[in-house]
């Protein structure tokens, strides 16, 4: 599996630019959110020749901004469901594009979304193959590619 | 002109609906393929469908197969709008009867060009 060829930053940047009109400005020194910040995480699983998952994490501020842009609504008009839907769809697009960049034949799950403070995303039986923190106008975006650990 | 946007993501349905409304379409929406077939039963004048692939209940590929098996929708132009950018999925979509496909992420310009290519609504 050609994991080295999967450019998480380029794929994520293309999605944010096309769908949201936002620019991601390269890697941040830290890929960790402050413990008091509410973080929304979208995850899609990949099954087939590649077994793993992709997660996309946005702080609440950026998640709201993304939902505003996708739904063309003001922040106070948005529901939690619309914010959840937005992050789920960003994870779906990111996972789908990563899957397409991987060799072989694989299928993509529907996205799942969770939100909260000071938590870690962990998929049992997988290892993190790549994880990046990107900057979006001062907000952090974290994208991770996990792969099933075949040594287990 | 009437169009249907079929996607389980409300956010993507909202974006595609705005793009089509800018092109003077009246747009109806559905969150999965089965719901879309129900909508088409009551809205037979729909002439364009933008269809996601990966949806619960009934995915986009199955929707395309069922729509193409029904002669009432013979004139329906179907564009699959999907995250799967590999050749395998593209071929499967076209083989099932989709007229064209667009990749997510898309821009309004890409969708407009696809529709111009298909001469939909002209």
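Residue numbers (the numbering used here), protein chains in the order written: chain A, 1393 to 1544; chain B, 719 to 840. Quick reminder that beta carbons are idealized off the backbone N, C-alpha and C, glycines included. Everything numeric in this text was worked out from a predicted model, so none of it was measured.
Judged by pairs of C-beta atoms under 8 Å, the segment 728-740 of chain B touches the segment 1460-1474 of chain A, as three or more such pairs exist.
Think of a sphere of 7 Å around the beta carbon of residue 814 of chain B: no beta carbon from chain A falls inside it, the nearest being about 16 Å out. Taking 8 Å as the upper bound for CB-CB distance, residue 773 of chain B and residue 804 of chain B are not in contact here, some 18 Å apart. Assignment of beta-bridge partners to residue 800 of chain B by DSSP yields B:821. In summary, no residue of the segment 1510-1527 of chain A has a CB separated from any CB of chain B by less than 8 Å.
Pairing residue 1471 of chain A with residue 823 of chain B, the inter-Cα distance amounts to about 23 Å. In this structure, residue 1496 of chain A sits away from residue 1422 of chain A, with a CB-CB distance that is not shorter than 8 Å. One thing to note: residue 757 of chain B has its Cβ no nearer than 8 Å to the Cβ of residue 723 of chain B. Take residue 752 of chain B, set aside five residues on each side of it, and the residues of its chain with a beta-carbon closer than 6 Å to its own are 775 and 776, in chain order. Taking the C-beta atoms as reference points, residue 1448 of chain A is found no nearer than 8 Å to residue 1412 of chain A.
According to DSSP, residue pairing for residue 1509 of chain A in a beta bridge involves A:1430. Selection B:837, B:790, B:771 and B:789 evaluated against residue 812 of chain B yields B:771 as nearest (Cα-Cα).
The alpha-carbon separation between residue 828 of chain B and residue 781 of chain B amounts to approximately 23 Å. CA-CA distance, residue 1430 of chain A to residue 1517 of chain A, rounds to 26 Å. For the segment 1398-1410 of chain A, the set of positions with a beta-carbon nearer than 9 Å to some beta-carbon of chain B reads 1406, 1407, 1408, 1409 and 1410 in chain order.
From the beta-carbon of residue 1500 of chain A, the residues of chain B found nearer than 9 Å are 771, 772, 801 and 802.
Judged by beta-carbon spacing, residue 1432 of chain A lies within the 8 Å limit of residue 1450 of chain A, meaning their Cβ atoms are closer than that value. As DSSP reads the structure, residue 1522 of chain A sits in a beta bridge with A:1537. C-alpha of residue 816 of chain B to C-alpha of residue 1510 of chain A: approximately 45 Å in a straight line. Excluding five sequence positions before and after residue 821 of chain B, the CB atoms of its chain that fall closer than 6 Å to its own CB belong to 803, given in chain order. For residue 1404 of chain A, same chain residues with a beta-carbon under 7 Å away, outside a window of 5 residues either side, are 1416, 1486, 1526, 1533 and 1535 in chain order. Taking C-alpha positions only, residue 790 of chain B is separated from residue 767 of chain B by approximately 14 Å. Taking a beta-carbon distance threshold of 8 Å, residue 1447 of chain A does not count as an interface residue toward chain B.
Rounded to the nearest angstrom, the gap between the Cα atoms of residue 762 of chain B and residue 795 of chain B is 13 Å. Interface residue (Cβ-Cβ distance to chain A less than 8 Å): residue 753 of chain B is not classified as such. For residue 1454 of chain A, the number of other beta carbons within 10 angstroms of its own is at least 16, and it is reported as buried.
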